[in-house]
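This report refers to the structure that appears directly beneath it.
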Amino acid sequence: MAPILGRIINPFQSGFLQQRFICDNGLALSMVLEEARAFHHKGAGILLDQEKAYDRVNADYLCAVLRRLGFPASCVSCVKSLFFGNSMYINVNGYFTSAVKQERGIRQGDPLSPLLFDVALEPFLLSILQDTCFHGFKASNGASADMVSSRDPPAVKCLAYADDVCVLLRDELDLYRLQLHMANYAAVSNAKFNEDKSEAILSVWLSLFGVGASL
Numbered sequence: 004m005a006p007i008l009g010r011i012i013n014p015f016q017s018g019f020l021q022q023r024f025i026c027d028n029g030l031a032l033s034m035v036l037e038e039a040r041a042f043h044h045k046g047a048g049i050l051l052d053q054e055k056a057y058d059r060v061n062a063d064y065l066c067a068v069l070r071r072l073g074f075p076a077s078c079v080s081c082v083k084s085l086f087f088g089n090s091m092y093i094n095v096n097g098y099f100t101s102a103v104k105q106e107r108g109i110r111q112g113d114p115l116s117p118l119l120f121d122v123a124l125e126p127f128l129l130s131i132l133q134d135t136c137f138h139g140f141k142a143s144n145g146a147s148a149d150m151v152s153s154r155d156p157p158a159v160k161c162l163a164y165a166d167d168v169c170v171l172l173r174d175e176l177d178l179y180r181l182q183l184h185m186a187n188y189a190a191v192s193n194a195k196f197n198e199d200k201s202e203a204i205l206s207v208w209l210s211l212f213g214v215g216a217s218l
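Letter by letter, the sequence shown follows residues 4 to 218 of this note's numbering.
Printed below as a string of C-alpha cells:
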C-alpha cells in the first residue's frame, strides 16, 4: 500500500509516505514565513487539531475513499476485516474486560494506521487544494522566485503531516471557505476539529513571528 499511496496522495501530505520526510513541510512553512516577513504579506495560518483523530475514523467512509482512490474490492474488504467489526479485550490493571466490538477508529501502533489516516484525510486536503475560490499564500515574483521553478509561483494552501495540518489563508473569504470544507469533511467522515487546540498565526504572519492566538 505504501508505494501506491506515495504516487496518489497529494504532494502537500508528507506523513508516513515513501520519499517524503517530516522536515519537508516544516522547511516549506519556514520559507513561507521568511517570504511573508520580507514582503509584509497579510494573511494568517491556521494550525488545525482533530479530536481523537485516529479513534474517530469511520469504517464506511474510509472504505469509500479507498474505492474512490482505485483500490480493488478485495483490498478494501481486507482493510475492513482487519480494522472493523472485530472484538477485543481491554487489560485494565491485569484484569480483562468482556469483549468490546470495534465499530470505528484505526489502531494506533499498527503499521497500516498512519497510511489509512492519510487516506481518510485526503478528501479534506483535496477540497482545499482544488477550490479555485481559495487563495492560500502566494509568493511574490522576485526574492522568493528561486523557491520554485515557475515564474508565477503556485499558491501554497495547506501543509500536512498526517493529522497535523496547517492551512494558509489570504483573507476572510479563505477563512469562510476553510470553515465550509471543515464542516463538510466532519459531516461525512465523523472527524471533529478541536477549536480549543487549533491555533491561528495572525496577520502580518504573527506580527513577524511574535503572536499566536487560539481560534
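Just so it is clear, CB atoms sit at the ideal spot from N, CA and C, and this is done for glycine as well. In this text the structure is predicted, and so the values were computed from the model without any measurement.
Classify residue i: buried if its beta carbon has 16 or more other beta carbons within 10 angstroms, exposed otherwise.
i    : result
A47  : buried
C66  : buried
F87  : buried
Y92  : exposed
P114 : exposed
R180 : buried
C136 : exposed
Q21  : exposed
C169 : buried
N187 : exposed
Q1   : One cannot answer for residue 1 here, as it falls past the ends of the chain, which runs 4 to 218.
L94  : It should be pointed out that residue 94 corresponds to Asn in this sequence rather than to Leu. When all chains shown are included, N94 counts as exposed.
Contact check, residue i vs residue j under 8 Å by CB: the rounded distance?
i    : j    : result
H31  : L162 : Correcting the residue identity first, residue 31 is Ala in this sequence and not His. With 8 Å as the limit, A31 and L162 qualify as a contact, their Cβ atoms being about 6 Å apart.
S201 : L51  : 5 Å
I131 : H184 : 6 Å
G13  : E125 : One detail in the question is off: residue 13 reads as Asn in this sequence, not Gly. N13 to E125, Cβ: 7 Å. Contact.
A165 : G9   : Actually they do not touch by this definition, with Cβ atoms about 14 Å apart.
L171 : V159 : 6 Å
G108 : Y64  : Actually they are not in contact, since the Cβ atoms of G108 and Y64 sit about 12 Å apart, beyond 8 Å.
F127 : V35  : With 8 Å as the limit, F127 and V35 do not qualify as a contact, their Cβ atoms being about 20 Å apart.
A62  : K83  : 6 Å
N197 : E38  : That pair is no contact at about 29 Å.
K104 : S90  : 5 Å
Tell me where the beta strand (DSSP E) around residue i begins and ends.
i    : result
R50  : A small fix is needed here, since residue 50 is Leu in this sequence, not Arg. That run of the beta strand (DSSP E) goes A47 to L51.
C220 : Because residue 220 is not part of the residues shown, which for the chain are 4 to 218, the question remains open.
A203 : E202 to I204
D167 : D167 to L172
Residue range of the alpha helix (DSSP H) that residue i falls in?
i    : result
A56  : Premise fails: A56 is in no alpha helix (DSSP H) and is neither H nor E.
A81  : Inspection of the sequence shows that residue 81 is occupied by Cys rather than by Ala. Note, C81: alpha helix (DSSP H), A76 to F86.
Y92  : That residue, Y92, is in no alpha helix (DSSP H); it is neither H nor E in DSSP.
M185 : E175 to S192
G9   : A5 to I11
R110 : First-last for R110: undefined, no H or E at that position.
P156 : That residue, P156, is in no alpha helix (DSSP H); it is neither H nor E in DSSP.
N28  : I25 to F42
E125 : S116 to L132
Does any C-beta atom of chain B lie closer than 7 Å to the C-beta of residue i?
i   : result
F15 : Going by chain labels, chain B is absent from the structure shown, which holds only one protein chain.
Q.
If contact is defined by three or more beta carbon pairs under 8 Å, each pair taking one atom from either stretch, is the region 121-137 in contact with the region 91-100?
A. Counting Cβ pairs under 8 Å, fewer than three are found: no touch.
Q. Is it true that the region 190-204 meets the region 133-145, where meeting means three or more beta-carbon pairs spaced less than 8 Å apart?
A. The answer is no - the region 133-145 does not touch the region 190-204, with fewer than three Cβ pairs under 8 Å.
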